[in-house]
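Trainee: After the structure tokens below, expect a handful of questions from me.
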Amino acid sequence: MRVLFLNPPFHFRFSREQRSPAVTKSGTLYYPKWLSHAAGVAIREGHDVDLVDAPAAGLSVKAVVDRIAAKNIQAVVCDTSTPSIVNDIRVLETIRVANPALHVLLVGRHVSAVPNETFAMSPAVQAVALREYEYTVRDWLAAIGCGAELESVDGLIWRNANNEVVTNRPRAVIDNLDELPFVTEIYKRFLNIKDYFYGHSLWPLTVFDTSRGCPYHCAFCVYPQTFSGHTMRYRSKENVADEFEFVAREMPEVKTVMLEDDTFIINKKRTMELAGELILRGNKLPFDANCRADVGADSELLSTLHKAGARLFCVGFESGDVEVIRGMHKNNASTRDAGYHDEAKKFVNLCRKADIMVHGCFMVGNLNETQESMEKTLQFAKQLRPDTAQFFPIMVYPGTVAYREARERGYLSTEDWSAWLTRDGLHNSVVNLPGISHEQLVTFCDRARRRFYLSPGYIMRKALQSLRDWREFQRNVKGFASLWQYLVRGTLGGAGSAAAPARAQSRQA
97 MRVLFLNPPF
107 HFRFSREQRS
117 PAVTKSGTLY
127 YPKWLSHAAG
137 VAIREGHDVD
147 LVDAPAAGLS
157 VKAVVDRIAA
167 KNIQAVVCDT
177 STPSIVNDIR
187 VLETIRVANP
197 ALHVLLVGRH
207 VSAVPNETFA
217 MSPAVQAVAL
227 REYEYTVRDW
237 LAAIGCGAEL
247 ESVDGLIWRN
257 ANNEVVTNRP
267 RAVIDNLDEL
277 PFVTEIYKRF
287 LNIKDYFYGH
297 SLWPLTVFDT
307 SRGCPYHCAF
317 CVYPQTFSGH
327 TMRYRSKENV
337 ADEFEFVARE
347 MPEVKTVMLE
357 DDTFIINKKR
367 TMELAGELIL
377 RGNKLPFDAN
387 CRADVGADSE
397 LLSTLHKAGA
407 RLFCVGFESG
417 DVEVIRGMHK
427 NNASTRDAGY
437 HDEAKKFVNL
447 CRKADIMVHG
457 CFMVGNLNET
467 QESMEKTLQF
477 AKQLRPDTAQ
487 FFPIMVYPGT
497 VAYREARERG
507 YLSTEDWSAW
517 LTRDGLHNSV
527 VNLPGISHEQ
537 LVTFCDRARR
547 RFYLSPGYIM
557 RKALQSLRDW
567 REFQRNVKGF
577 ASLWQYLVRG
587 TLGGAGSAAA
597 PARAQSRQA
């Protein structure tokens with residue numbers, strides 16, 4: 097089959113893959129990692145594969161339609177997200193009008209969470225893959241390629257000839273992650289890696305996982321609840337180290353690897369073994385990783401990780417108020433809530449001693465939030481002094497406990513998915529808490545961002561960091577070049593909070 101894996105057009109540099117999809121203030125743009133994994137599996141099965149990341153390349157819907165025609169594409173695997181789903185369905189309708197014989201499969205967290213609602217949005221929706229979809233795509237392509245019935249494709253929901261929506265058996269998760277192709281091979285083949293940027297990472301960077309799943313049950317966290325689940329699965333240390341070596345050899349321009357595991361340090365024994373393998377092989381590539389603050393890290397673990405290449409941890413501190421931490425179910429055991437903030441401070445101090453930086457993630461708008469608790473969060477961020485920080489209004493997504501709770505309590509201001517973004521594609525909360533409107537959540541984050549980034553102490557620390565390390569200087573300049581305009585005008589910027597009509601924002605015809 098000639099198949100296109102499509103990250104569809106929307107706002108330019110719309111980061112669909114990230115946990116809260118949007119155009120980011122720091123200029124951060126995630127790789128289409130899941131699409132690329134599935135493309136790699138399809139290539140291994142012998143399919144003629146193309147991959148397009150339209151928001152990264154600035155491609156319009158017309159450009160995608162023309163590409164499908166020029167390459168005589170027979171099937172499209174199309175990514176989706178909650179804030180872009182109205183747009184994504186319109187893109188689907190347009191490409192199917194241009195080519196009615198085209199087979200299209202929708203994938204992603206949104207359609208996994210609300211598949212029946214997705215089918216109801218348009219008769220153009222033919223099929224949806226649930227959760228992790230590499231092998232669902234593989235089997236779907238095999239079935240349509242030989243004209244077989246789709247009932248045998250696990251993990252698929254599809255529309256039959258009688259316009260009935262059929263739900264197949266669920267698909268088991270992939271236990272042996274080593275059997276998947278290296279996702280970085282697909283990036284190298286199809287993408288311009290300089291399009292992708294994380295505000296906390298050296299640039300250019302690349303991204304892959306060493307594990308899937310997360311044993312924690314944070315109410316807001318979308319990936320474990322709608323996609324990768326709560327059961328941990330690990331790649332072997334040899335397989336991970338092999339991919340580090342592939343990047344170093346085949347992508348020499350890369351300055352950082354971002355490990356996009358939901359939570360990198362879960363099993364300390366396994367983490368030390370992986371670090372030991374990287375050290376044994378003489379790894380020179382710095383890596384960043386997602387991590388919790390309360391993983392019980394110690395000086396030996398962190399110093400070993402730093403020797404292996406650890407440069408920065410991206411940590412979800414979330415809130416400075418213990419009642420908010422309790423309301424979001426941050427800890428699996430509620431008895432740990434009271435000590436959470438002390439553990440966070442200890443973790444940051446240990447990282448600092450090990451010469452590992454921290455990017456802090458802070459969120460307002462969870463249950464039990466008050467004006468006072470939001471101020472505690474800002475003060476907590478200033479006390480921790482992470483290298484960089486992000487302040488988010490809560491973005492609740494279907495399929496999560498946070499979304500269900502907000503809906504049941506009448507806290508959602510709208511259920512129009514387009515309203516999850518501002519007109520410019522920035523994050524826009526739709527949660528109205530008692531005494532706090534969604535606009536207040538957004539404007540608080542704007543104020544917190546200014547207070548954090550424009551404080552004299554922070555500016556001095558970043559200036560010294562930039563003087564010491566040319567690579568950090570480049571990263572700081574690139575990130576600030578995007579961030580400064582939002583520090584000045586804020587998120588809403590006078591444009592209002594409603595999203596613009598879904599449309600492709602493009603640089604190319």
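Be aware that the sequence shown starts at 97, since it is given in the numbering used here, and climbs by one per residue. Built from N, CA and C at the ideal position, the CB exists for glycine as well.
Considering only C-alpha positions, which residue in the set Y582, I490, S111 is nearest to V420?
Mentor: Comparing Cα-Cα distances from V420 to each of Y582, I490, S111, the minimum goes to I490.
Trainee: Can you check which of these residues, R112, V173, T178, C314, is closest to A429 by C-alpha distance?
Mentor: Out of R112, V173, T178, C314, C314 has the C-alpha closest to the C-alpha of A429.
Trainee: Can you grab the Cα-Cα spacing for the pair A600 / F487, in whole Å?
Mentor: The pLDDT assigned to A600 is 39, lower than 50, so where the model puts this residue is not dependable; a value taken from the coordinates is nonetheless given after this. The alpha-carbon atoms of A600 and F487 are separated by roughly 27 angstroms.
Trainee: Helix, strand or coil: which one does DSSP assign to G423?
Mentor: Helix, per DSSP.
Trainee: Please report how far the alpha carbon of A153 lies from the alpha carbon of H199, in whole angstroms.
Mentor: The alpha-carbon atoms of A153 and H199 are separated by roughly 24 angstroms.
Trainee: Does H326 pass the burial test, meaning 16 or more other C-beta atoms within 10 Å, or should it be called exposed?
Mentor: Label assigned to H326: exposed.
Trainee: Decide if the segment 140 to 159 is in contact with the segment 217 to 227; the criterion is three or more beta carbon pairs, one per stretch, under 8 angstroms apart.
Mentor: Not touching, per the Cβ criterion.
Trainee: Counting pairs of Cβ atoms below 8 angstroms between the segment 505 to 524 and the segment 440 to 448, do you hit three or more?
Mentor: No: fewer than three Cβ pairs fall under 8 angstroms.
Trainee: Measuring CB to CB, does Y292 end up less than 8 angstroms from L125?
Mentor: Cβ distance < 8 angstroms, so Y292 and L125 count as in contact.
Trainee: For the 8 angstroms Cβ check, are there 3 or more pairs between the segment 293 to 308 and the segment 134 to 141?
Mentor: Short answer: they don't touch.
Trainee: Would you say A389 lies against chain B (beta-carbon separation less than 8 angstroms)?
Mentor: The displayed structure is made up of one protein chain only, and chain B is not part of it.
Trainee: Could you pull the DSSP bridge partners for T302 from this structure?
Mentor: V353.
Trainee: With H, G and I counted as helix, E and B as strand and the rest as coil, what does DSSP make of E141?
Mentor: Looking at E141 - three-state DSSP - the assignment turns out to be coil, as it is neither helix nor strand.
Trainee: Please list, in chain order, all residues of the same chain as G592 whose beta carbon is under 7 angstroms from its beta carbon, the five residues on each side excluded.
Mentor: Residue placement at G592 cannot be trusted, given a pLDDT of 41 that sits under 50; the coordinates are not used to answer.
Trainee: The beta strand (DSSP E) that contains N103, what's its start and end?
Mentor: Taken as a continuous stretch (DSSP letters only), the beta strand (DSSP E) holding N103 covers 98 to 103.
Trainee: Shortest alpha-carbon distance to Y554 belongs to which of A477, V526, Q581, H534?
Mentor: Answer by Cα proximity: A477.
Trainee: Can you list, in chain order, the stretches of the alpha helix (DSSP H) that have 4 or more residues and sit fully within the segment 437 to 476?
Mentor: With a minimum length of 4 residues, no continuous alpha helix (DSSP H) run stays inside the segment 437 to 476.
Trainee: Which of the three DSSP states, helix, strand or coil, is assigned to L276?
Mentor: Note: L276 maps to coil in three-state DSSP.
Trainee: Count the other CB atoms within 10 Å of the CB of S556; is the residue buried (16 or more) or exposed (fewer)?
Mentor: The sequence shown places Met at residue 556, not Ser. Exposed.
Trainee: Kindly indicate the opening and closing residues of the alpha helix (DSSP H) around C242.
Mentor: That run of the alpha helix (DSSP H) goes 230 to 242.
Trainee: Could you tell me if A498 is buried or exposed, where buried requires 16 or more neighbouring beta carbons within 10 angstroms of its beta carbon?
Mentor: It counts as buried.
Trainee: Residues in the same chain with beta-carbon distance under 6 angstroms from S415, minus the five sequence neighbours each way, listed in chain order, please.
Mentor: I421, T473.
Trainee: Rounding to the nearest angstrom, what Cα-Cα distance links Q604 and N168 in this structure?
Mentor: With a pLDDT of only 40 at Q604, under the threshold of 50, the placement of this residue in the model should not be trusted, and no figure is reported.
Trainee: Going by Cα to Cα distance, which pick from I139, A485, N195, G423 is closest to C410?
Mentor: Checking every option, the nearest Cα to that of C410 belongs to A485.
Trainee: State buried or exposed for T587, treating a residue as buried only when at least 16 other CB atoms are found within 10 Å of its CB.
Mentor: Looking at its Cβ environment, which holds 16 or more other Cβ atoms inside 10 Å, T587 is buried.
Trainee: Reducing DSSP to helix, strand and coil, say where R407 ends up.
Mentor: In this structure, R407 counts as strand in the three-state DSSP scheme.
Trainee: If we count the other Cβ atoms within 10 Å of its Cβ and call it buried at 16 or more, is L537 buried or exposed?
Mentor: With 16 or more other Cβ atoms within 10 Å, it is buried.
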